[in-house]
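Asks: Numbering (the numbering used here), first residue to last: 63 to 190.
Glycine residues also receive a C-beta, built at the ideal position from the N, C-alpha and C atoms.
Pasting a structure below so you can have a look.
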């Protein structure tokens, strides 16, 4: 049991997060609907917060910029091997530029625990 606890503190066997979106193509100003799927690891872990950033990547200017952030503060205990869902509703900016060969968008999601390594997920979206 102690070995599993220390392994999860290093990120081995810890809880994981996955952002599930209803679709992957949106228009500026559109609502994004989905949910965070949290899967418990080998031991129970205390969740502190979920952070989800909308990141714009401009490869031409070699720039990565956070456009908006959603933070969910919580003190939920993630049970071993359990699965939890938390809803997400997010409004894209009316001024979001369309995706192109050099401009892309992604949601970068982090699951932050009171102890242990963060779990990170990235999901690309396209703005038309």
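1) Rounded to a whole number of angstroms, what is the C-alpha to C-alpha distance between residue 181 and residue 167?
2) Roughly how many angstroms separate the alpha carbons of residue 18 and residue 112, rounded to a whole number?
3) Nearest to residue 88 by CA position, among 80, 173, 153 and 165, is which residue?
4) So, under 8 Å CB-CB, residue 171 and residue 79 are touching, yes? Tell me the CB distance rounded to an integer number of Å.
5) Which of the three DSSP states, helix, strand or coil, is assigned to residue 89?
6) What would DSSP say about residue 159, mapped onto helix, strand or coil?
7) Assign residue 139 to one of two classes, buried (16 or more other C-beta atoms within 10 Å of its C-beta) or exposed (fewer than that).
8) Run through DSSP, which three-state label would residue 20 get?
9) Among 115, 83, 156 and 109, which residue has its Cα nearest to the Cα of residue 128?
10) Kindly indicate which three-state DSSP category residue 144 falls into: helix, strand or coil?
11) Buried or exposed: residue 105, going by 16 or more other Cβ atoms within 10 Å of its Cβ?
12) Going by C-alpha distance, which of 143, 141, 120 and 149 is nearest residue 133?
13) Nearest to residue 177 by CA position, among 137, 125 and 81, is which residue?
Replies: Checking against the coordinates, here is how it stands:
1) Taken atom to atom, the span from the alpha-carbon of residue 181 to that of residue 167 is near 20 Å.
2) Residue coverage of the chain in this structure runs from 63 to 190, which leaves residue 18 outside it and unanswerable.
3) Distances from the CA of residue 88 to each of 80, 173, 153 and 165 were compared; the closest alpha carbon is that of 153.
4) Yes, they are in contact, since the Cβ atoms of residue 171 and residue 79 sit about 6 Å apart, within 8 Å.
5) Reduced to three states, the DSSP call for residue 89 is coil.
6) Coil at residue 159, not helix or strand.
7) Flag for residue 139 reads exposed.
8) Look at the range of the chain in this structure, 63 to 190, and you will see that residue 20 is not part of it.
9) Comparing Cα positions, the closest option is 115.
10) If DSSP states are grouped into helix, strand and coil, residue 144 belongs with coil.
11) Under a 10 Å Cβ-count criterion, residue 105 is classified as buried, with 16 or more other Cβ atoms of the shown protein chains found around its own Cβ.
12) That would be 149, whose Cα lies nearest to the Cα of residue 133.
13) With respect to the C-alpha of residue 177, the residue from 137, 125 and 81 having the closest C-alpha is 137.
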